[in-house]
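Trainee: In order, the protein sequences belong to chains A and B. For the first sequence, this note's numbering gives the first residue as 40, with consecutive numbering after it. For the second sequence, this note's numbering gives the first residue as 166, with consecutive numbering after it. For glycine and all other residues, C-beta sits at the position ideal for the given N, C-alpha and C. Mind looking over this structure? Questions follow.
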Amino acid sequence: MRVFIRFVLLFTIISAISLVLGISLVEVGVSPSYYAYVLIVVLIISLFSAGSILEPVEELRDAFQSAVRGEMRKVAPKSSDEFGELASAFNWMIEELIKEKESLEESEKRFRSVMEELDGWLFELDSNHRIVFATNNFKEKFGDVEGKYVGDVLENFPVEKLELGKFEYEVIKDGKITTVEVVVKKEEGIYRCLARDVSERKRVERQLAFFKEILEHSVDAIVILDVDSRITVWNKGAEMMFGYTAEEAVGKPLNFLMPKEHWRQCAENFKRAVVEGHVKDIEAPRIRKDGELIIVDQTLTSIHDSNGEVVGFVAIMRDITKRKRAELDLKTSLEELEKRTRELLEVQKELQQLASIVENSNDAIYSVDVRGIITSWNRTAEKVFGWSKEEAIGMDASALLPEELKGETEFIIRRIREGDSGLSFETRRLRKDGTVIDVEITVSPILDELGELSGISIIARDISEKKRAEREAEKRMFKYDVERGRIYFADNFDLAVDVINDLVKCGYTGRVISRRYPENIGVCEDNYIMLSSRKMKGTLDPDPEKIYREIMSLPGWKNAVLLDLDYLLVKRNFEEVYELIQRLKDVFFVLNKGILIVCSESELIGEREFELLKMECRGIKSRKVEIPDEIYDVLRFIYSKNKIGERPSIKDVMNNFGITRNTAKKRVQQLLDRGLIRIIKDGRFKVLEVTEDGRQIMRVA
Amino acid sequence: MRETVKLIEVARELPVSRKDVQMFLLLLLCGVLAYLISLADPALEPLFLALAFGIIAGNLQKDEEKRRMAEKFIPVLLPVGITLYGVNINIPYLGEFHPEVVAVTLISASLIFLSVFWISSRLKLSNQMSLLLACGSGICGVSAIAIISPLIKPKKEEFSAAIMIITAVGLTGAIIYPSIAHFTDMSPEKFAVLSGATLHQTGIVKISSQLFGVEEKALAIKGIRIAMIALIVLVLSILYSESRFYVPWYIVSFLGVALFSSTYLPSGIVQSLRPLATVMFATTLAAIGYTVSLGKVQRVGVRPLVAAYAGWIVGVVFIMLAIGSGVV
Chain A
40 MRVFIRFVLL
50 FTIISAISLV
60 LGISLVEVGV
70 SPSYYAYVLI
80 VVLIISLFSA
90 GSILEPVEEL
100 RDAFQSAVRG
110 EMRKVAPKSS
120 DEFGELASAF
130 NWMIEELIKE
140 KESLEESEKR
150 FRSVMEELDG
160 WLFELDSNHR
170 IVFATNNFKE
180 KFGDVEGKYV
190 GDVLENFPVE
200 KLELGKFEYE
210 VIKDGKITTV
220 EVVVKKEEGI
230 YRCLARDVSE
240 RKRVERQLAF
250 FKEILEHSVD
260 AIVILDVDSR
270 ITVWNKGAEM
280 MFGYTAEEAV
290 GKPLNFLMPK
300 EHWRQCAENF
310 KRAVVEGHVK
320 DIEAPRIRKD
330 GELIIVDQTL
340 TSIHDSNGEV
350 VGFVAIMRDI
360 TKRKRAELDL
370 KTSLEELEKR
380 TRELLEVQKE
390 LQQLASIVEN
400 SNDAIYSVDV
410 RGIITSWNRT
420 AEKVFGWSKE
430 EAIGMDASAL
440 LPEELKGETE
450 FIIRRIREGD
460 SGLSFETRRL
470 RKDGTVIDVE
480 ITVSPILDEL
490 GELSGISIIA
500 RDISEKKRAE
510 REAEKRMFKY
520 DVERGRIYFA
530 DNFDLAVDVI
540 NDLVKCGYTG
550 RVISRRYPEN
560 IGVCEDNYIM
570 LSSRKMKGTL
580 DPDPEKIYRE
590 IMSLPGWKNA
600 VLLDLDYLLV
610 KRNFEEVYEL
620 IQRLKDVFFV
630 LNKGILIVCS
640 ESELIGEREF
650 ELLKMECRGI
660 KSRKVEIPDE
670 IYDVLRFIYS
680 KNKIGERPSI
690 KDVMNNFGIT
700 RNTAKKRVQQ
710 LLDRGLIRII
720 KDGRFKVLEV
730 TEDGRQIMRV
740 A
Chain B
166 MRETVKLIEV
176 ARELPVSRKD
186 VQMFLLLLLC
196 GVLAYLISLA
206 DPALEPLFLA
216 LAFGIIAGNL
226 QKDEEKRRMA
236 EKFIPVLLPV
246 GITLYGVNIN
256 IPYLGEFHPE
266 VVAVTLISAS
276 LIFLSVFWIS
286 SRLKLSNQMS
296 LLLACGSGIC
306 GVSAIAIISP
316 LIKPKKEEFS
326 AAIMIITAVG
336 LTGAIIYPSI
346 AHFTDMSPEK
356 FAVLSGATLH
366 QTGIVKISSQ
376 LFGVEEKALA
386 IKGIRIAMIA
396 LIVLVLSILY
406 SESRFYVPWY
416 IVSFLGVALF
426 SSTYLPSGIV
436 QSLRPLATVM
446 FATTLAAIGY
456 TVSLGKVQRV
466 GVRPLVAAYA
476 GWIVGVVFIM
486 LAIGSGVV
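Here it is, written out as C-alpha cells:
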C-alpha cells in the first residue's frame with residue numbers, strides 16, 4: 040500500500056513537471072528535440088526511481104542469493120513499509136541461519152579438531168578404491184592423495200579386506216615392521232577407513248600378556264591394591280599361599296590377612312610406600328584361610344599415574360615360613376651345639392678331673408679290653424702291682440692273676456656280658472715280685488659308642504692287711520675251722536646246720552637250700568629255700584643252673600650257704616651236681632662270696648663220687664673250747680660288740696639270745712666269775728667289756 | 166597449401182580471436198553511432214550515448230563470455246581514450262573574461278562540487294560515487310567522470326549511474342533554463358553565465374545558449390570549468406595514488422595533450438583529431454557499458470539523483486542570486 044502511495048506521488052510530480060515544461064517550451068518555442076531530452080530525463084529518473092523502488096526487493100534477492108551461497112548478510116530495513124517488514128523477517132531468518140551456521144561451524148570445527156587430534160588417518164575410498172577424502176594429517180603425511188589409488192599411497196594395503204569391517208596389516212619400512220589397524224565403515228559405496236598405527240598398542244599388549252603370565256604363574260603372592268588398600272587383583276600365587284580364592288579376596292582390605300596387632304604397622308608401611316615409592320623386606324606374619332600363621336617377606340610399591348598421583352599399590356609376598364623355621368632350627372641347633380660343646384668341655388674337664396682323680400687315686404685303677412689286654416694303668420696300680428705304666432699297658436691282664444685265678448678275667452667278662460654291671464668282690468692279685476695280695480675289686484663295663492662292650496675298668500684296693508686281720512678274727516670267733524672263700528662237704532646234716540647257725544651268729548647271712556623242712560633242721564624260715572619242682576614263693580627248682588644263679592645272686596661277701604644235695608641227686612645225675620659244685624667252688628674262691636657247705640647223707644653217693652667230692656671240698660673240723668657253748672656264745676657276742684666299739688648291756692644279751700634276764704645274769708655272772716669280762720658303768724647304765732683274759736681265749740679259739 | 170596452414174596456425178597463436186574482433190567492432194559501432202548522434206544534436210553527449218548503447222547491447226545479449234571479452238578492451242581503450250580526449254580540452258585564457266565572471270564561475274563550480282559531495286555524503290553514498298557526481302556536476306559532466314574514474318576506481322555501475330545521472334541533470338537544465346529565462350526576463354549575457362556556469366555538458370551549454378545567441382560566451386565560461394579538470398585530475402591522482410606523488414601516465418599524457426592542443430597544436434589538427442578522440446573514448450564507454458548490468462545500475466537508486474539535482478540547484482540559486490544582485 041505504501042509503495043502504491045509512493046508511486047502515485049511520483050507520478051503526480053512527474054506530471055506536474057511535464058505540465059510546467061510543456062507550457063514553458065511552448066512559450067519559448069524550443070525545437071522538438073527537447074521532447075527527446077525530456078524523454079531521456081524521464082527515462083533516467085524512472086530508471087533510478089524504479090531501481091529505488093526495487094532496491095529493497097533486489098537487495099533481498101541478492102541477500103537471499105548470498106545466503107544460498109553461504110554469505111550471511113542482513114539487509115537494512117530502509118522503510119517501515121512492507122519491504123521493511125520483509126527485510127526484518129529476512130534479517131530474523133538470517134540471524135537464525137547465522138546461529139545455525141555458527142552452530143554448524145562450531146560442530147565442524149569440533150569435528151575437525153577431533154579429526155586432527157585423532158590418533159590415526161581418516162580417509163574415504165570410492166568403489167574403485169580411490170581416495171575421495173582424507174584428513175589433513177593424512178595429507179601432511181602422504182601429500183595430495185585425493186583421487187589416487189589407495190594401494191599407491193599405502194603400500195601393501197589389502198583392499199580385499201575392506202569388506203571385513205576391521206583388519207590389520209603390516210607395513211615393512213626401513214627394516215621396521217609397523218602394524219596398522221584399519222576400521223572400515225561402508226556407506227553408500229564409500230569405504231570410510233580409519234587407519235591407526237597399533238604397533239605400540241601391540242607391543243604394550245604383548246608386554247601386558249607377559250606381565251599377566253608372570254602375575255598368574257608367579258609362586259609369590261602378587262596383590263594389587265587401590266588407594267584405600269583394598270585388594271583389586273589377587274593372583275594364583277596368592278590363592279595358593281593364603282587359601283583364599285580371588286573372588287573371596289578382591290574388595291577386602293589387606294588387613295584381613297594379618298593379626299590385629301600388625302594393622303598399625305601395615306598403615307605405617309603404606310605411608311612409607313607413598314612417600315618413598317616402595318618399602319622392602321617387610322617380614323610379617325599373615326593368617327591363612329585355614330588359620331595357620333605364616334611368615335612372609337613383603338615388598339610394597341606404590342603405583343603412580345601419568346600425573347604422578349598415587350593410584351594404588353602392589354604388594355609382593357613370599358612365604359618364608361620354612362626358611363624362618365629352618366633359621367630357627369639352625370639357631371636352636373647352634374645353641375644346642377654350643378650347649379653340647381660347653382657340656383663336652385665340662386665333660387672333658389670332668390674327665391680330666393676324673394683322670395686326675397683316677398691317676399691320683401689311692402686305689403689301683405686299670406682297664407682291660409675284651410681280649411684281656413691292659414689298656415690303662417694308674418700310678419697307684421704301679422705301686423700296688425709293681426709294674427710301671429709302660430710295662431703294664433699292652434700286657435695281658437692274666438699276668439696279674441695268681442695261678443688258681445687265671446680264668447678270672449674271662450669269668451668277669453662273661454659276667455659283664457650276662458648283664459652284671461656293678462661287679463664288686465674280694466680277690467687276690469699277683470704282684471710283679473711274685474707275692475700274692477688280697478684286693479677288693481670293683482668291675483665296671485666300658486661300652487663303645489654303639490653300646491657294645493669294649494672293655495672293663497677295674498678298681499683294685501689292697502686289702503691284704505684287712506683280710507688277714509679279718510681272717511684271724513673270724514677264725515677266733517668261729518666254732519668250726521672254716522674259712523671264707525672255701526667250699527666244705529658234710530656227710531652229717533646236723534653238723535652242717537650247726538656250722539651254718541654258728542656262722543649266722545658271727546654275722547653271716549645264712550641260706551639253706553634243702554628238701555627238708557626247716558623246723559626239722561632247726562633253721563629260720565627266712566633263710567630257707569625249699570627245693571621243689573613246683574614254682575611257688577620260697578621254692579627253688581632242683582636245677583643246677585637255677586641253684587647256681589640263686590647262690591650267685593646272694594649279696595655281699597659274708598654268705599653262709601648250705602646246699603642239701605640229696606634231693607638234687609635224686610632229680611639229677613651226679614655229673615650235673617658235681618659240675619655245679621665245681622662252678623660254685625670257682626665262684627666262691629674267686630669272688631670270695633662266703634662259705635658254702637654241701638651236704639649229703641644219701642646212699643646215692645658211691646665211693647668214687649664221695650672221693651670226687653672230697654677232692655673238690657674240704658672237711659669240717661670242730662674247734663676245742665673249755666667253756667660251755669652258751670657261755671662261749673655270750674663271750675663271743677660281747678667280744679664282737681667290743682670289736683666295733685660297742686659295750687653291750689645285760690639287756691642287749693637278753694635280747695640277742697632271746698633269754699630271760701635271770702638266765703642272762705647267770706651266764707654273765709659265770710663269765711665274771713672266770714674273769715673273762717667286767718662290768719663297767721657308762722653313766723647310769725652298766726655295760727659289759729671283755730677282759731684281756733677273755734680276749735686271749737677268743738684269740739686262741 | 167602449406168602456407169595457408171601456417172597462416173592459420175599463426176592466427177591461432179595470436180592473443181586476439183575473431184570474437185574479440187567482432188566485439189571490438191560492436192563497441193566501435195556503438196562509439197561511432199553515439200558520435201554521429203551527437204553530431205546531429207550536441208546536447209546528446211556521445212559518451213553518454215555510447216555508454217547507453219553499450220548497456221543496451223550488453224543487457225540484451227547477457228553473454229558473460231562476451232562481457233569478459235569487452236572487459237579485456239577497457240584497460241587498453243581507457244588510457245588511450247583519455248589521452249586522446251585531451252584534444253577536446255581547450256584551456257581558455259582567463260584574461261579574456263571579466264574577473265567577476267571568472268570568480269562567480271569558479272565559486273559556482275566549487276559550490277556545486279562541494280554541495281554535491283556533501284549531500285552525497287549525507288545520503289550515505291560511497292566516496293567514489295560522491296566524487297564522480299561532484300566532478301560531473303561541478304566541472305564538465307560526463308567527460309570529467311570518465312577521466313577521473315581510472316583514478317578513483319569506482320564500481321562500474323556507479324560509474325555508469327553517475328554518467329546517466331549527470332546527463333539527466335544536464336538535460337533537465339537544458340529543458341528548464343529557457344523557462345527560467347522566460348519567466349525572469351534574463352538578458353542573453355546573464356543567461357550565458359547561468360548556462361556556462363551551471364550546466365554540465367558542453368553540448369547542452371551550446372544548445373541552451375543557442376536559443377539566446379550567446380553560444381560563444383557560454384562556451385567560453387564553460388571552458389573555465391573544463392580547465393578545472395586538469396587541476397582536479399592532478400589533485401585526485403595524488404590523493405588516490407597508491408604511492409605518493411604518483412600520477413598515471415595517461416593522466417600526464419592527457420594533460421599534456423590538452424595543454425599542447427590548446428596552445429601549440431594547430432587548430433586544424435586538433436579539430437581533425439577530436440572526432441577520433443571522441444570515438445575512441447565513446448568506444449571505451451561502450452565497452453564499460455557492455456560489461457555493466459542494468460539491474461545493478463538501477464540499484465544505485467534515487468539518492469545520487471537527488472544529490473546531483475540538489476547540488477545543481479544550489480549552484481543555480483547561487484548564480485541567480487549573483488545575477489539578481491548585479492554582480493554579473
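State yes or no: is the C-beta of residue 638 (chain A) within less than 8 Å of the C-beta of residue 512 (chain A)?
Mentor: Stepping through the first sequence from its first residue, residue 638 (chain A) is reached at position 599. Stepping through the first sequence from its first residue, residue 512 (chain A) is reached at position 473. The answer is no: Cβ separation not under 8 Å.
Trainee: Could you give the distance in angstroms between the alpha-carbon of residue 589 (chain A) and the alpha-carbon of residue 368 (chain A)?
Mentor: The residue given as residue 589 (chain A) occupies position 550 in the first sequence. The residue given as residue 368 (chain A) occupies position 329 in the first sequence. Using only the alpha carbons, I get a separation of about 53 Å.
Trainee: What residue range does the alpha helix (DSSP H) around residue 263 (chain B) cover?
Mentor: Translated into the one-based positions of the second sequence, residue 263 (chain B) becomes position 98. Unbroken run through residue 263 (chain B): none, as it is neither H nor E.
Trainee: For residue 138 (chain B), does the count of other Cβ atoms within 10 angstroms reach 16, so buried, or fall short, so exposed?
Mentor: The displayed coordinates of chain B run from 166 to 493. Any statement about residue 138 (chain B) would go beyond what the structure contains.
Trainee: When DSSP builds the beta bridges, which residues end up paired with residue 482 (chain B)?
Mentor: Taking the first residue of the second sequence as position 1, residue 482 (chain B) is located at position 317. According to DSSP, which records beta bridges pairwise, residue 482 (chain B) is partnered with nothing at all.
Trainee: Can you check DSSP and say which residues form a bridge with residue 292 (chain A)?
Mentor: Counting from one through the first sequence, the residue named residue 292 (chain A) turns up at place 253. For residue 292 (chain A), which the question treats as bridged, DSSP gives the partners A:269.
Trainee: Quick one, which residues of the region 75-101 of chain A are near chain B if we go by CB-CB under 8 Å, in chain order?
Mentor: Those would be 75, 76, 77, 79, 80, 83, 84, 86, 87, 88, 89, 90, 91, 93, 94, 97, 98, in chain order.
Trainee: Helix, strand or coil for residue 572 (chain A)? Go by DSSP, reduced to three states.
Mentor: If you number the first sequence from 1, residue 572 (chain A) lands on position 533. DSSP places residue 572 (chain A) in coil when its eight states are reduced to three.
Trainee: Is it the case that the Cβ atoms of residue 404 (chain A) and residue 496 (chain A) are separated by a distance below 8 Å?
Mentor: Here residue 404 (chain A) is taken as the residue at index 365 of the first sequence, counted from 1. Here residue 496 (chain A) is taken as the residue at index 457 of the first sequence, counted from 1. Taking 8 Å as the Cβ cut-off, residue 404 (chain A) and residue 496 (chain A) qualify as a contacting pair.
Trainee: Which residues mark the beginning and the end of the beta strand (DSSP E) in which residue 319 (chain B) is found?
Mentor: The count along the second sequence starts at 1 and reaches residue 319 (chain B) at position 154. First-last for residue 319 (chain B): undefined, no H or E at that position.
Trainee: Considering just the uninterrupted stretch of the beta strand (DSSP E) at residue 541 (chain A), what are its terminal residues?
Mentor: Position 502 of the first sequence, counted from the first residue, corresponds to residue 541 (chain A). Note, residue 541 (chain A): premise wrong, no beta strand (DSSP E); alpha helix (DSSP H) at 532-544.
Trainee: Expressed to the nearest angstrom, what Euclidean distance is found between the alpha-carbon atoms of residue 167 (chain B) and residue 226 (chain A)?
Mentor: On the second sequence, position 2 is the one that residue 167 (chain B) refers to. On the first sequence, position 187 is the one that residue 226 (chain A) refers to. Low confidence applies to residue 167 (chain B): its pLDDT is 42, below 50, so where it sits in the model is not reliable enough to give any reading.
Trainee: For the region 364-383 of chain B against the region 294-314 of chain B, are there 3 or more C-beta pairs whose distance is under 8 Å?
Mentor: The region 364-383 of chain B vs the region 294-314 of chain B: in contact.
Trainee: Please state the DSSP three-state secondary structure of residue 618 (chain A).
Mentor: As a working mapping, residue 618 (chain A) is identified with position 579 in the first sequence. Helix.
Trainee: As a quick exercise: from A:471, A:645, A:737, pick the residue whose alpha carbon is nearest that of residue 682 (chain A).
Mentor: Here residue 682 (chain A) is taken as the residue at index 643 of the first sequence, counted from 1. It is A:737.
Trainee: Got a sec? Which residues, its chain only, sit under 8 Å from residue 349 (chain A) by beta carbon, not counting five neighbours each side?
Mentor: Position 310 of the first sequence holds residue 349 (chain A). Here the set comprises 266, 313, 341, 342, 343.
Trainee: Taking 8 Å as the CB-CB cut-off, is residue 366 (chain B) touching chain A?
Mentor: For this step, residue 366 (chain B) is matched to residue 201 along the second sequence. For residue 366 (chain B), the answer is no, since every Cβ of chain A falls outside 8 Å of its Cβ.
Trainee: Bridge partners of residue 657 (chain A), per DSSP?
Mentor: Sequence index remark: in the first sequence, residue 657 (chain A) carries index 618 (1-based). A:527.
Trainee: Please report how far the alpha carbon of residue 303 (chain A) lies from the alpha carbon of residue 278 (chain A), in whole angstroms.
Mentor: If you number the first sequence from 1, residue 303 (chain A) lands on position 264. If you number the first sequence from 1, residue 278 (chain A) lands on position 239. Using only the alpha carbons, I get a separation of about 25 Å.
Trainee: Compare the C-beta of residue 287 (chain B) with all C-beta atoms of chain A and state if any pair is closer than 8 Å.
Mentor: Locating residue 287 (chain B) in the second sequence gives position 122, where the first residue counts as 1. Not an interface residue.
Trainee: Distance cutoff 8 Å, beta carbons only. Does residue 225 (chain B) sit that close to anything in chain A?
Mentor: Within the second sequence, numbered from 1, the residue matching residue 225 (chain B) stands at position 60. No - not a single Cβ of chain A is within 8 Å of the one on residue 225 (chain B).
Trainee: Does the beta-carbon distance from residue 398 (chain B) to residue 316 (chain B) come in below 8 Å?
Mentor: Walking along the second sequence from the start, residue 398 (chain B) turns up at place 233. Walking along the second sequence from the start, residue 316 (chain B) turns up at place 151. Yes; because the gap between Cβ atoms is below 8 Å, this pair is in contact.
Trainee: Run the CB neighbour count on residue 623 (chain A), radius 10 Å, all protein chains shown included, and call it buried at 16 or more, exposed below.
Mentor: By one-based count along the first sequence, residue 623 (chain A) stands at place 584. Flag for residue 623 (chain A) reads buried.
Trainee: What residue ranges within the region 345-420 of chain A form continuous alpha helix (DSSP H) runs of no fewer than 4 residues, ordered along the chain?
Mentor: The qualifying runs are 360-399.
Trainee: Compare the C-alpha of residue 131 (chain A) against each of A:325, A:120, A:655, A:116 and name the closest.
Mentor: Translated into the one-based positions of the first sequence, residue 131 (chain A) becomes position 92. For the residues A:325, A:120, A:655, A:116, the minimum Cα distance to residue 131 (chain A) belongs to A:116.
Trainee: Check residue 467 (chain B) in the structure and name its three-state DSSP category.
Mentor: Sequence index remark: in the second sequence, residue 467 (chain B) carries index 302 (1-based). Residue 467 (chain B): coil per DSSP, three-state reduction.
Trainee: Kindly list, in the order they appear in chain E, the residues whose Cβ is closer than 8 Å to that of residue 206 (chain B).
Mentor: Judged by its chain identifiers, the structure shown contains no chain E, and its protein chains are A and B.
Trainee: Does the beta carbon of residue 167 (chain B) come closer than 8 Å to any beta carbon on chain A?
Mentor: Position 2 of the second sequence, counted from the start, is the residue given in the question as residue 167 (chain B). Bear in mind that a pLDDT of 42 at residue 167 (chain B), under 50, signals an unreliable position, so the model cannot answer this.
Trainee: Using the C-alpha atoms, what's the distance from residue 140 (chain A) back to residue 213 (chain B)?
Mentor: Here the question's residue 213 (chain B) lines up with position 48 in the second sequence. Here the question's residue 140 (chain A) lines up with position 101 in the first sequence. Straight-line Cα distance between these residues: approximately 45 Å.
Trainee: Is any beta-carbon of chain A found at less than 8 Å from that of residue 460 (chain B)?
Mentor: Position 295 of the second sequence holds residue 460 (chain B). Yes, its Cβ sits closer than 8 Å to a Cβ of chain A.
Trainee: Hey, how far is the Cα of residue 616 (chain A) from the Cα of residue 568 (chain A)?
Mentor: One-based indexing of the first sequence puts residue 616 (chain A) at position 577. One-based indexing of the first sequence puts residue 568 (chain A) at position 529. About 18 Å.
Trainee: Output needed in chain order: residues of the region 325-338 of chain B with a Cβ under 8 Å from some Cβ in chain A.
Mentor: Listed in sequence order: 326, 329, 330, 332, 333, 336, 337.
Trainee: In this structure, what does DSSP give as the bridge partners for residue 477 (chain A)?
Mentor: Residue mapping note: residue 477 (chain A) aligns to position 438 of the first sequence, counting from 1. Paired residues: A:467.
Trainee: Which stretch, first to last residue, makes up the alpha helix (DSSP H) that contains residue 493 (chain A)?
Mentor: Numbered from its first residue, the first sequence carries residue 493 (chain A) at position 454. Here residue 493 (chain A) belongs to no alpha helix (DSSP H); instead the beta strand (DSSP E) covers 492-501.
Trainee: With respect to the beta strand (DSSP E) encompassing residue 337 (chain A), which residues constitute its N-terminal and C-terminal limits?
Mentor: Numbered from its first residue, the first sequence carries residue 337 (chain A) at position 298. That run of the beta strand (DSSP E) goes 332-343.
Trainee: When you compare the CB of residue 465 (chain B) with every CB in chain A, is at least one pair closer than 8 Å?
Mentor: By 1-based counting over the second sequence, the position of residue 465 (chain B) is 300. By this cut-off, residue 465 (chain B) is an interface position.
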